[in-house]
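Protein chains: 2
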Amino acid sequence: MRASRYLIATQKETPSDAVVISHQLMLRAGMIRRLASGLYTWLPTGLRVLRKVERIVREEMDNAGALEVLMPVVQPAELWEESGRWQEYGPELLRLRDRHDNAFCLGPTHEEVITDLIRNEINSYKQLPANFYQVQTKFRDEIRPRFGVMRSREFTMKDAYSFHIDPDSLQETYDAMHGAYCRIFDRIGLDYRPVLADTGAIGGSSSHEFHVLAESGEDDIAFSTESRYAANVELAEAAAPTGERPAATKDMQQVHTPGQKTIAAVSDFLKADPVQSVKTLIVLGECGEESPEPENAAPLVALVLRGDHELNELKAEKLPGIASPLEFAPEERIAKELGCGIGSLGPVGLKIDTIVDRAAAHLADFVCGANLDDYHYTGVNWDRDTPLGRVEDLRNVVAGDPSPDGRGSLEIKRGIEVGHIFQLGDKYSRAMNATVLDENGKEQRMDMGCYGIGVSRIVAAAIEQNHDDAGIIWPDAIAPFQLAIVPINMHKSDRVREKCEHLYESLRAKGVDVLLMDEPKARLGAMLADVELTGIPHRIVVGDRGLEKGVVEYKGRRDAESQEFAESQLEEVLLKKLDG
Amino acid sequence: MRASRYLIATQKETPSDAVVISHQLMLRAGMIRRLASGLYTWLPTGLRVLRKVERIVREEMDNAGALEVLMPVVQPAELWEESGRWQEYGPELLRLRDRHDNAFCLGPTHEEVITDLIRNEINSYKQLPANFYQVQTKFRDEIRPRFGVMRSREFTMKDAYSFHIDPDSLQETYDAMHGAYCRIFDRIGLDYRPVLADTGAIGGSSSHEFHVLAESGEDDIAFSTESRYAANVELAEAAAPTGERPAATKDMQQVHTPGQKTIAAVSDFLKADPVQSVKTLIVLGECGEESPEPENAAPLVALVLRGDHELNELKAEKLPGIASPLEFAPEERIAKELGCGIGSLGPVGLKIDTIVDRAAAHLADFVCGANLDDYHYTGVNWDRDTPLGRVEDLRNVVAGDPSPDGRGSLEIKRGIEVGHIFQLGDKYSRAMNATVLDENGKEQRMDMGCYGIGVSRIVAAAIEQNHDDAGIIWPDAIAPFQLAIVPINMHKSDRVREKCEHLYESLRAKGVDVLLMDEPKARLGAMLADVELTGIPHRIVVGDRGLEKGVVEYKGRRDAESQEFAESQLEEVLLKKLDG
């Protein structure tokens, strides 16, 4: 591409409404422009990147045996009523009516449409498994669109849906998709982790999210320093401490702690380490079925954690005996039934069901509330001073925790979710009666999987992970151009012009995506700034001074210093660099 | 692709709701499925064709220097209010509101969005001309969607928009787009015509439609047998007959024609040729500005055409002195002011402005109404019996008319509009104040062109033009697969299986789109029927009997008979056939 026939559209100023770096750089590098809240036009430079991501996604989906289809953006309400989602889905589902007043929505996802298609097209187990994907425009009416294309309303997604005769077949395709996703993100060149994810309300048996690691991520990812283990922090198991619990060395004493109600305050006051204390949280237990009055009827349950640990609500609410969703007991009820404020609670002498976190259960000589306002106990030991009872994993993991798979310890980083694979089971096939005939000629519901990639979000995530003060640093595979040729005074020097033109045409003929900066009066500094801002991985500067010496200056986008290469070997050297 | 891992989805029955052949065949060949009225899912076979069309369109747009962008499907109402189209556009514009009750529409076209983009991005005449395109999902809420993807509500369109400092530059890009469109349709392999089209209400200076010739087309296209001239019938000029008007040989006579009110009836009654008669139509003329009352104030104007010709209303309403849009005078007013019914009108003695069509003006000894009920004149001659006065082109051309460019005569065929290029002038740049600084640093409105291709419609149009009783006959360039390998009893014969597998892998490695019909128990007849129905241009049948003789059977989709090729030369022969 010649810059003189291209729309570079770079900007010097950082737009004031862009908060995250990828949004700022996509605007500054002339990749996108805002049309309205959460709606963006992709300019040529942005679209080139988007298309390269799309191509890699398509190739790997094809290689994994998925068949590409294209479903409509506009979907009839009837199908969503059949699945139940017309009612369930919140205002993110943009509903509309056509000229005949029939109800439709803009598709945020296509489970209903594909299930309807497949129940009509596939009748026999012999046609299974089947896996269909599309790369398509999706719409979600986010209440607060932000971060540019990272959380926009209209976006490009690759969504795939697989159909199976049994869960084993689903697992096989699920594993194949897991592999395909890894290849996709490997090829794009991202530092990512496939992480165990919550199956949430759908309750399928397995789900993984694919996160690009970046400081600006909205999710916390825990992953092992030694193994492939990775999980959303809220899902990562906090392994039980190894070894025996230390022996008691102190006596239990009641101490006066006037006005000290938090772990930090009590620890400060007692000059103790918070790690040597426990906190006690009171939540509602499950109601027995015979006492259907809510809240008051629910028994209280105490959850005991080490002072420096955070309760993981998701883990807690999954435990038998605890209400789901998790609900903390009102303070008045605690005061009335347990006899003290929430800052003075502790396990000693507590007359309700108590569940102790694994780490808290490993403490000796710890501090806890005395269930009496303004008093705590020190030197408390399990079993000796109070029964330990039930022990569970109740807390969020923290950095340094052992990896649950026993290999290495956990690091925690922020991640941007760019992919999600999901075993749906029969949620949709049951609601929409999608069956095939099995080997015995009997109707059987299909199992389903679904597999999404946020194609446009990948572009932003790649920038979040790869940038410096000068701008974007594209991984080679998705760079808008692989190489920029920057001439010095091309309009004045025939020699420079001929060299650049020749190299440009020669590399283009070899399939290289090359940008020739041929604007006649562009200043060298401005051109180099544009090349860096737009993140082109390789660039050369061609000038008379170098050509006289028979050399051309090369610099990789991540290089600190430029290098000189002999003119005679230039093309060969460049092709090598572009190749690897 | 292996059939065993593909979704062929062919159907034997012709769907009852499909009227046109392309719709029927796209359903039967497993290319599309209906989701709702005017909404279709593209199955793998259909999408393969669509993508090939898209690729050709993109390559030629890129070659012509247009830059690809991607604009949102959902567009804010504000921009449409700025251009005035929010009010002007009918109910085909699907309007909707987001969760914050802001008004949006689904884009049927993107003039507003691109004009808004460019007025912000381009400031100087030095950045012009510029031409941007996208391949994207469009939505038009047709009142009666029909003919499958030919007139659907959601469809894929390539739309391009160019920006210019002056009309000359616009003309240059317009011509380049004309050329690119010809190359696109040539490469796809369609019989098409670029035809002069009406610029309609927008009133730009030039417009061409690109029509694929097919019996089921909705438009009549007139084109020369000898030259490249082609125009929509409503626009084609009816050239004046050459040579002198024949001399009068008869006297004018008033004859009694009781109850005869049509050209056919009068000609029958008088045993005359309708070609030797004229018909007289009364329309409203233009009101003078001083008499603003409508209708009654408008003078009457007589239009005189040869008996066998049809009035072209578009031509008539463009003439000075005639009301636009064209309006026929009410019969009561004719009776009152001209003294007879509409079946007895004629130019002789008529006291109102009269415009005579070129062909009617060339008649001698003709028949016309006598402006007296139940009476006609015979043997009428212009000038001798009644003044000829003003002569204009008033009629639709008919087959056999001379081509207006003087070369050959006109043929008329039906066409399907698949492309439209348009000089918009400053319609949008004026309404939306899209200016650049010119050479003198003065703000100047940009001129615009727009260029559309109905990508999904091309797929249907190609079928309308290329099919037979067995199914679709794809032009090679857009066939879903180039070649089908059909084995006989592959599951029983190692020799057949090995031959097929080897050829399949070898051709695939060479980039050939090949379908291996490897369903173990498929019957030969059923496989061949599928291959023909889906229109695969080339197929071979591999069986033990042939292999024993060292031959394989080949048949091109348009061939009447199959041929045998030596096994040893097969691949070479096939590659040659696939190449062209």
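Residue numbers (my numbering), protein chains in the order written: chain S, 615 to 1194; chain B, 615 to 1194. Even for Gly, the Cβ is constructed at its ideal location relative to N, Cα and C.
Inset, instruction - Could you tell me the distance, in whole angstroms, from the CA atom of B/PHE777 to the CA atom of B/TYR1065? - result: 12 Å
Legend entry - the segment 861 to 879 of chain B / the segment 1006 to 1023 of chain B touching (three or more Cβ pairs under 8 Å): no
Legend entry - C-alpha distance - S/ASP631 paired with S/ARG765, whole-angstrom precision: 14 Å
Legend entry - chain B contacts made by the segment 1037 to 1071 of chain S, where a contact means CB separation under 9 Å: none
Legend entry - B/PHE883, DSSP secondary structure in three states: helix
Inset, instruction - Could you tell me which residues DSSP pairs with B/LEU1129 in its beta bridges? - result: B/ALA1098
Legend entry - Any chain B beta carbon closer than 8 Å to S/ARG1028: no
Inset, instruction - List the DSSP bridge partners of S/ASP833. - result: S/GLY1029
Legend entry - Neighbour list for B/THR655 in chain S, Cβ cutoff strictly below 8 Å: VAL683, LEU684, MET685, PRO686, VAL727, LEU731
Inset, instruction - Could you check how far apart the C-beta atoms of B/PHE942 and B/ILE896 are, in whole angstroms? I think they sit under 8 Å. - result: 7 Å
Inset, instruction - Quick one: list the residues of chain B neighbouring S/ILE757, beta-carbon separation under 7 Å, in chain order. - result: ARG713
Inset, instruction - Name, please, each residue of chain S whose Cβ falls closer than 7 Å to the Cβ of B/LEU784. - result: Neighbours of B/LEU784 on chain S: none; closest Cβ ~17 Å, over 7 Å.
Inset, instruction - Please go through the same chain and pick out, in chain order, the residues whose beta-carbon is closer than 6 Å to the beta-carbon of S/LEU928, but skip the five residues on each side of it. - result: GLU848
Legend entry - Contact set between the segment 931 to 961 of chain B and chain S, restricted to residues whose Cβ is under 8 Å from the partner: none
Inset, instruction - For chain B, find out if any of its Cβ atoms is closer than 8 Å to the Cβ of S/TYR620; answer yes or no. - result: yes
Legend entry - Contact check, S/GLU702 vs S/GLN748, beta carbons under 8 Å: no
Legend entry - For S/TRP996, three-class secondary structure by DSSP: strand
Legend entry - Coil, strand or helix - B/GLN701 by DSSP: helix
Inset, instruction - May I ask you to list the residues that DSSP assigns as paired with S/PRO1016? - result: S/SER1023
Legend entry - Helix, strand or coil at B/THR751 according to DSSP, with G and I counted as helix: strand
Legend entry - Delimiting residues of the beta strand (DSSP E) encompassing S/ASP773: 768 to 778
Inset, instruction - Quick one: give me the first and last residue of the alpha helix (DSSP H) that B/ILE728 is part of. - result: 725 to 735
Legend entry - Buried/exposed call for B/GLU668, threshold 16 Cβ in 10 Å: buried
Legend entry - Under the three-state DSSP convention, the category B/ALA744 falls into: strand
Legend entry - Through-space distance from S/ILE948 to S/ASP988, alpha-carbon basis: 15 Å
Inset, instruction - Give the single residue among B/TYR991, B/ARG1004, B/LYS965, B/GLY955 whose Cα lies nearest to the Cα of B/HIS976. - result: B/ARG1004
Inset, instruction - Would you mind working out which of B/ILE1154, B/ARG767, B/ARG1159 sits nearest B/LEU1184, comparing C-alpha positions? - result: B/ILE1154
Legend entry - Minimum Cβ-Cβ distance from S/PHE1179 to chain B less than 8 Å: no
Legend entry - Under 8 Å between C-beta atoms of S/VAL1126 and S/GLY1157: no
Inset, instruction - For chain S, find out if any of its Cβ atoms is closer than 8 Å to the Cβ of B/GLY921; answer yes or no. - result: no
Inset, instruction - Identify the contact partners of B/ALA650 in chain S, using a Cβ-Cβ distance below 7 Å as the criterion. - result: PRO690
Legend entry - Beta-carbon neighbours of S/GLY679, restricted to chain B and to distances below 8 Å: ARG619
Inset, instruction - Report yes or no: is there a C-beta of chain S within less than 8 Å of the C-beta of B/LEU1147? - result: no
Legend entry - S/ASP1007 - DSSP class collapsed to helix/strand/coil: coil
Inset, instruction - Please compile the residues from chain S whose C-beta is within a distance smaller than 8 Å of the C-beta of B/ALA623. - result: GLU735
Inset, instruction - Report the rounded CA-to-CA distance for B/LEU964 versus B/LEU1002, giving the unit in angstroms. - result: 12 Å
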